Each structure stands twice: as C-alpha cells, then as structure tokens.
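For what it's worth, this note's numbering labels the leading residue of the sequence shown as 9, then goes sequentially. Ideal Cβ positions, reconstructed from N, Cα and C, are used throughout, including at glycine. For clarity, every value in this text was computed on a predicted model and none was experimentally measured. Below is one structure; the comments refer to it alone.
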Amino acid sequence: MYSLSRVSGNTIFIKKLGKSLTGLSKRHKNKERYQMSFELNYCPNVEYVLGRLRQLYDREAQDQIFAFMDVPTLTMERFAKEHKPGYCDYPDPFERIAFWDSYLHERMKVYDDSVPSAYLTEMDQGLYGGLIGGEVRFLCDPDSGWISSMVPPILKNLSEFEQLKFDPDNKWFHHYTRQLDIFVKESTQKFCISHFILIDSLNFVFELFGGTDTYLYLVEQPELIHRAIDLAFDLNVKVQDTFFDIVPRINGGTCSKRAQWIPGRIVDESVDPFHMTSVDYFENWGREPIERIFEKYDGGVVHLHGNGHHLLNSVSTIKGLKVIHLHDEKDDLPIINILKDVKDIIKDIPLIVEVNFNDFREALENHRLSGGVLYQVKDVTDIDTANYYMDKVRAYRI
9 MYSLSRVSGN
19 TIFIKKLGKS
29 LTGLSKRHKN
39 KERYQMSFEL
49 NYCPNVEYVL
59 GRLRQLYDRE
69 AQDQIFAFMD
79 VPTLTMERFA
89 KEHKPGYCDY
99 PDPFERIAFW
109 DSYLHERMKV
119 YDDSVPSAYL
129 TEMDQGLYGG
139 LIGGEVRFLC
149 DPDSGWISSM
159 VPPILKNLSE
169 FEQLKFDPDN
179 KWFHHYTRQL
189 DIFVKESTQK
199 FCISHFILID
209 SLNFVFELFG
219 GTDTYLYLVE
229 QPELIHRAID
239 LAFDLNVKVQ
249 DTFFDIVPRI
259 NGGTCSKRAQ
269 WIPGRIVDES
279 VDPFHMTSVD
289 YFENWGREPI
299 ERIFEKYDGG
309 VVHLHGNGHH
319 LLNSVSTIKG
329 LKVIHLHDEK
339 DDLPIINILK
349 DVKDIIKDIP
359 LIVEVNFNDF
369 REALENHRLS
379 GGVLYQVKDV
389 TDIDTANYYM
399 DKVRAYRI
C-alpha cells in the first residue's frame with residue numbers, strides 16, 4: 009500500500025468563472041472549460057518547463073533538444089515486489105492514485121522537461137469495449153507499475169453488431185468517471201492527469217471481431233467496417249469529452265504521458281493495426297478517422313512501433329498532427345541511429361524518441377543529437393546524473 013503525502017510549496021487552484029470549484033463530475037456536465045494554474049508542488053519549475061515545451065510544439069525549437077530522464081525509484085521497486093505479473097482484478101482507484109503520488113513525488117527533484125502526471129492505465133484499452141458489453145480483463149506488469157486492460161473479441165457473429173450501443177448506466181462508465189473524480193481530487197496541488205489512448209478506427213474493430221477477422225472484413229465486409237468505425241468515433245468522443253469535462257487543463261494545455269504537455273485539448277491516437285498493412289490500407293482506412301477526431305479536438309499525438317516505420321511519411325501528413333512518438337524496439341536498430349533520416353521525412357514536426365542513457369550520453373557529448381526532439385532517456389542511474397546531463401541538454405544548440 010502507498011500512503012498519500014502532501015508537500016508544502018507552490019499552490020494549485022482551480023477556478024470556474026472566478027469562483028472556486030468544489031464539486032467533481034456532476035459539476036462538469038455543463039462542459040465548461042476549467043483552468044488549472046501552472047504551479048505544481050511536484051514540479052517547482054513548471055512554468056519554465058511549459059515555456060520550453062510550448063516552443064517545441066509550436067515548432068520553434070529546431071535548434072534545441074529536450075529530455076525526460078527515467079530514473080529508478082523506490083516506488084517502482086516496491087510495486088514490483090508487491091505485485092505478481094499476469095491477470096488481476098480491477099484495482100482500487102485510491103491505491104492507484106497513491107502509487108502515482110508516491111512515484112511522482114520521488115521524481116520531483118529531477119529537473120528535466122517533464123510535467124508530472126498520472127495515467128489511467130486501467131482504462132487504456134478495455135474501457136472502450138467494456139462500454140458496449142465486452143468482458144474487461146486486467147493485466148499487471150510489475151516492472152512498469154501498470155495495470156492495463158483489454159477485452160477478448162466481443163461479437164460471435166456479425167448480426168450482433170446491430171445490438172451494440174452505449175448505455176450511460178454501464179458499470180464501466182461509472183468506474184471511469186469515479187476514477188477520474190478520485191484522480192483529480194487526490195492530485196490537486198501536486199501533479200496532473202494525463203490524457204489516455206483512443207481506441208477508435210481499426211483498434212476498436214479489433215475489439216469487436218479480433219485482429220484476423222478485422223483484416224478479412226476489410227475486403228469481405230467493407231460497409232460493416234465503415235459502420236463500426238463510425239460507432240467507434242461516437243464512443244471515443246464520449247470518453248474523451250468526459251475526460252476533458254472532468255480533468256482541468258494546465259495553462260490551457262493537455263498533460264500527456266508521451267508528450268508531457270501540449271497547448272489545447274489534445275488526444276492520443278494509435279495506428280497500431282496498420283503496422284501490419286501496406287501504406288495504401290492506411291490511406292484508405294486509417295487517415296480519415298484520425299483526421300476526423302483530431303479536428304473534433306485541437307489535434308493529437310501519434311505513436312509508431314518498430315514495425316510501423318513504413319507509415320512514417322503518411323502519418324507525418326495527417327492534418328492536426330502535433331507530435332510523433334517513435335518507440336525504440338529491442339530487435340530493431342535504435343531510433344537514435346536513424347534519427348537524421350527520420351527528420352528528413354517529417355521535417356519540423358516535433359518528435360519523441362526513446363533512447364538508452366549510454367547512447368544518449370555518447371551522442372550528446374559528441375554533438376550528434378537532432379533538434380526539435382524530446383528524448384525519453386531510459387535507465388539513467390540516479391537523480392544527480394539526470395540533472396547533470398539536463399544542464400547540458402538545456403545548453404545544447406544545433
């Protein structure tokens with residue numbers, strides 16, 4: 009178990025038309041925007057960090073580099089000891105927010121380009137299927153501190169599709185709003201709440217039929233797929249609107265596990281199903297749903313895994329795209345080794361890349377890092393080392 013702690017220091021306050029906000033989800037149903045001050049106890053230099061991130065996402069920092077330093081924490085070590093890998097029950101939201109409180113409190117002495125935020129790992133995928141009757145299953149990963157979710161294929165035959173609909177009394181919607189309320193209340197004055205992944209387009213169709221049948225139905229049942237994608241759009245808008253109604257924005261922007269903070273109401277998109285298709289399939293089936301939901305909000309983040317790099321040119325031209333996150337896969341050439349080629353393709357689009365600390369340090373010291381990039385530096389040995397190299401990061405110019 010983790011105990012909640014409060015740290016003296018800067019104060020956060022939430023305002024609604026000049027009055028203090030004391031209610032939670034019921035007060036948010038009018039869809040008014042709420043503004044959080046940009047002072048966070050767990051990020052004493054948050055105003056400076058937001059200024060740097062704004063430069064990055066406004067595409068005004070091609071000569072600069074940015075970094076998130078991943079350091080070991082006692083919180084992660086404790087979680088790994090106390091939890092077994094594999095399937096588990098839906099966790100207590102109070103225990104989950106206490107985990108984030110403990111983890112982000114430990115990181116508050118790391119002066120990097122991060123904005124501390126908790127991520128609703130429990131709602132990352134299974135929520136969407138659960139909202140239309142799917143069996144939500146949870147999986148614990150002790151090494152990452154995540155308890156994630158998924159559903160097995162929901163429909164046994166095509167005719168069942170006609171019966172799908174969102175019910176606001178669905179138990180998973182109640183779990184979702186309750187968890188948001190708890191996370192907002194317990195994070196106030198300390199840290200933020202990150203947006204979380206969309207499960208729309210073919211990601212949602214996967215939850216209906218499974219991956220293999222989804223690819224078959226693209227050819228055999230294209231009209232059904234179009235209808236499923238439309239259903240996915242409406243469901244994802246409901247989920248994301250609820251998030252933005254309940255979770256305050258910080259200084260007019262959205263906090264993000266991937267991007268840290270971006271101005272506006274920004275969503276987090278996945279093109280994973282197209283990693284195993286041709287570019288033509290992405291253009292025919294993937295682009296329009298993404299651009300549609302990006303237009304609904306103020307744009308979005310897209311990530312690519314190692315087997316999706318062939319989509320990079322197409323993804324970089326998505327309307328409303330704010331940043332691309334490239335995962336560093338263990339069996340592929342490290343992204344940092346091909347970064348200049350990637351930058352030639354995406355031009356001035358901000359980029360997030362994962363990199364091992366030793367590779368990052370060597371490239372930094374030999375002045376081989378590309379600008380306009382937020383480097384997620386893994387396996388940094390300790391906080392002092394992280395801060396030492398962050399001084400070099402802030403001074404670095406292309």
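Subject >> Buried versus exposed, by CB contacts within 10 Å (16 or more), Ser-264 >> reply: buried
Original post:
Per DSSP, Glu-143 is paired with what?
Top reply: None; Glu-143 has no bridge partner.
**OP:** Give the single residue among Phe-76, Gln-70 and Asp-66 whose Cα lies nearest to the Cα of Asn-395.
**Re:** Phe-76
Subject >> Three or more C-beta pairs below 8 Å linking the segment 265-280 and the segment 201-214 >> reply: yes
Subject >> Ser-152 to Met-84 span [Cα, whole Å] >> reply: 7 Å
Original post:
Alpha carbon to alpha carbon, how far is Ser-157 from Val-309?
Top reply: 21 Å
Original post:
Taking 7 Å as the CB-CB limit, is Arg-62 close to chain B?
Top reply: Note that chain B does not occur in the displayed structure, where there is just one protein chain.
Original post:
Nearest to Asp-280 by alpha carbon, out of Arg-295, Gly-272, Pro-271 and Ala-267?
Top reply: Taking only the C-alpha atoms, the option nearest Asp-280 is Arg-295.
Original post:
Three-state secondary structure (DSSP) at Asn-259?
Top reply: Annotated three-state conformation of Asn-259 is coil, per DSSP.
Original post:
In three-state DSSP terms, what is Asn-374?
Top reply: coil
Subject >> Reference Ile-207; option with closest CA among Glu-337, Val-245, Met-284 and His-183 >> reply: Val-245
**OP:** Sort Cys-96, Tyr-119 and Arg-104 by Cα distance to Cys-51 and report the nearest one.
**Re:** Tyr-119
Original post:
With Gly-138 and Trp-180 assumed to form a contact (beta carbons below 8 Å), what rounded beta-carbon distance in angstroms separates them?
Top reply: 4 Å
Original post:
CA-CA distance, Asp-349 and Gln-63?
Top reply: 23 Å
Original post:
When you compare only the Cα positions, how much space is there between Ala-391 and Gly-307?
Top reply: The residue asked about is misnamed: residue 391 is Ile in this sequence, not Ala. Whole-angstrom Cα-Cα distance: 34 Å.
**OP:** Could you please give the first and the last residue of the uninterrupted alpha helix (DSSP H) stretch that includes Ile-190?
**Re:** 179-195
**OP:** Taking all protein chains shown into account, decide if Leu-163 is buried (16 or more other Cβ within 10 angstroms of its Cβ) or exposed.
**Re:** buried
**OP:** Express the C-alpha separation of Leu-172 and Ile-140 in angstroms, rounding to a whole number.
**Re:** Computed Cα separation, rounded: 6 Å.
Original post:
Can you tell me the Cα-Cα spacing of Pro-150 and Ile-332, whole angstroms?
Top reply: 27 Å
Subject >> C-beta atoms of Ser-378 and Lys-400 nearer than 7 Å >> reply: no
**OP:** Give the secondary structure of Gly-153 by DSSP, where H, G and I count as helix, E and B as strand, and everything else as coil.
**Re:** Gly-153 sits in coil when the DSSP states are folded into three classes, being neither helix nor strand.
**OP:** Give the straight-line distance between the Cα atoms of Arg-376 and Asp-78, rounded to the nearest whole angstrom.
**Re:** 21 Å
Original post:
Span of the beta strand (DSSP E) holding Phe-74?
Top reply: For Phe-74, the enclosing beta strand (DSSP E) stretches over residues 73-77.
Original post:
What residues are listed by DSSP as bridge partners for Glu-362?
Top reply: Gln-384
Subject >> Residues of its chain near Lys-304, where Cβ-Cβ distance is below 7 Å and the 5 sequence neighbours each way are ignored >> reply: Val-245
Original post:
So, using beta-carbon positions, are Asn-364 and Lys-386 closer together than 7 Å?
Top reply: yes
**OP:** Verify whether the separation of the beta carbon atoms of Asn-8 and His-283 is less than 7 Å.
**Re:** Nothing about residue 8 can be reported from this structure: the residues present for the chain run from 9 to 406 only.
Original post:
Can the beta-carbon of Val-361 be found closer than 7 Å to that of Tyr-397?
Top reply: With respect to Tyr-397, Val-361 sits apart: the two C-beta atoms are not nearer than 7 Å.
Original post:
What do you reckon, are the CB atoms on Phe-146 and Tyr-98 nearer than 7 Å?
Top reply: At the C-beta level, Phe-146 and Tyr-98 come within 7 Å of one another.
Subject >> Limits of the alpha helix (DSSP H) - the one that Cys-108 falls within >> reply: Note on identity: in this sequence residue 108 is Trp, with Cys being the wrong assignment. Per DSSP, Trp-108 belongs to the alpha helix (DSSP H) from 101-114.
**OP:** Enumerate, from N- to C-terminal direction, the unbroken alpha helix (DSSP H) stretches of 4 or more residues contained entirely within the segment 236-314.
**Re:** Listed in chain order, the complete alpha helix (DSSP H) runs (minimum 4 residues) inside the segment 236-314 are 295-304.
**OP:** Check Leu-58 in the structure and name its three-state DSSP category.
**Re:** DSSP places Leu-58 in the helix class (H, G or I) of the three-state scheme.
Original post:
To the nearest whole angstrom, what separates the beta carbons of Phe-368 and Gly-328, a pair I think is in contact under 8 Å?
Top reply: In fact, because the Cβ distance is near 30 Å, the residues do not count as touching under 8 Å.
Subject >> Cut-off 8 Å between Cβ atoms - residues of its own chain near Tyr-56, not counting five sequence neighbours on either side >> reply: none
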